[in-house]
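*Asks:* Here it is: the structure, laid out below.
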Amino acid sequence: MTFDDRHLADQLLEYRRRWPSESEVVAQFEDLLGPRADDACDVVADDPYRRERLAGHLTASSWLVDQGGARVLLTHHRKLDRWLQLGGHADGDRDLSRVALREAEEESGLAGLTLEGDLFDLDRHWIPARAEVPGHWHYDMRYVVRAGAREDFVVSAESHDLAWRDIDAIADDPDADPSLRRMARKWLRQA
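And the structure:
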């Protein structure tokens, strides 16, 4: 087991302690990592850190908040056609907090972003089939990322649009993605 695998296992244990009502989703992540969470697995198709593992693989996202912590930057995701948090595939990187930060920078064009704390949220969600890629599960590890002084984002090719959204409004919006509402409520509880 690598340092990053142990760190991820520790994050999952701490997450279960903080959010006992989410033990079921934690167990799904632990099952994904299972007994293969060691260096012996070098077959790309079996590595949960690689998108080629079509039985399900790890992704990382950022809950990208403004300096005051009242707004979050969301993407109108081009492929999924929904408003979601910024994020993407690990593509072999075993440090998922680094993946979340990198994806936030790439998808927003913002400089001076900082990672805050440890694992913020977990979500396992189905990605429908598209072109030559069959439907599969994303096991998304989510981290808080804080914006710097500049908030003028750049819309990347992965998005239809980006927008700063009020976290209070997301928490109460019945049309918002359920995982966005959950993260908004978590954020407001800890604030």
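For the sequence shown, our numbering assigns the number 180 to the last residue and increments by one with no breaks. Even for Gly, the Cβ is constructed at its ideal location relative to N, Cα and C.
Please tell me whether isoleucine 159 and arginine 170 are closer than 8 Å, where the distance is taken between their beta carbons.
*Replies:* Here residue 159 corresponds to residue number 170 of the sequence shown, with the count starting at 1. Here residue 170 corresponds to residue number 181 of the sequence shown, with the count starting at 1. Cβ distance < 8 Å, so isoleucine 159 and arginine 170 count as in contact.
*Asks:* With distances taken Cα to Cα, identify the nearest neighbour of alanine 165 among Leu73, Pro9, His(-4).
*Replies:* Taking the first residue of the sequence shown as 1, we reach residue 165 at position 176. Ranking Leu73, Pro9, His(-4) by Cα distance to alanine 165 puts Leu73 first.
*Asks:* Compare the C-alpha of arginine 154 against each of Phe18, Arg60, Met172 and name the closest.
*Replies:* In the sequence shown, the residue the question calls residue 154 occupies position 165. Ranking the options by Cα distance to arginine 154, first place goes to Arg60.
*Asks:* So, at 7 Å on beta carbons, what are the nonlocal neighbours of phenylalanine 142 in its own chain, with the 5 sequence-adjacent residues on each side left out?
*Replies:* Here residue 142 is taken as the residue at index 153 of the sequence shown, counted from 1. Around phenylalanine 142: Leu62, Ser97, Gly98, Leu99, Leu151.
*Asks:* Quick one: residues in its chain with C-beta nearer than 6 Å to the C-beta of alanine -2, no 5 flanking neighbours on either side, listed in chain order?
*Replies:* Stepping through the sequence shown from its first residue, residue -2 is reached at position 9. Around alanine -2: no qualifying Cβ.
*Asks:* Would you say leucine 75 and leucine 53 are within 8 Å of each other, going by their C-beta atoms?
*Replies:* As a position in the sequence shown, residue 75 is number 86, starting the count at 1. As a position in the sequence shown, residue 53 is number 64, starting the count at 1. Yes, they are a contact pair.
*Asks:* When you compare only the Cα positions, how much space is there between arginine 113 and threonine 103?
*Replies:* In the sequence shown, the residue the question calls residue 113 occupies position 124. In the sequence shown, the residue the question calls residue 103 occupies position 114. Approximately 25 Å between the Cα atoms of the pair.
*Asks:* Alanine 49 to glycine 124, Cα distance in whole Å?
*Replies:* Residue numbering aside, residue 49 sits at position 60 when the sequence shown is read from its first letter. Residue numbering aside, residue 124 sits at position 135 when the sequence shown is read from its first letter. When rounded, the distance between both Cα atoms is 18 Å.
*Asks:* Counting only the same chain and skipping the five closest in sequence on each side, list residues whose C-beta sits under 6 Å from that of valine 88.
*Replies:* Here residue 88 corresponds to residue number 99 of the sequence shown, with the count starting at 1. Once the five neighbours on either side are set aside, the close Cβ partners of valine 88 are Ala49, Ala79, Asp82.
*Asks:* Taking C-alpha atoms, which residue in Trp126, His66, Val15 lies nearest to leucine 47?
*Replies:* Reading the sequence shown from its first residue, position 58 is the one you call residue 47. Checked all of Trp126, His66, Val15; the closest Cα to leucine 47 is Trp126.
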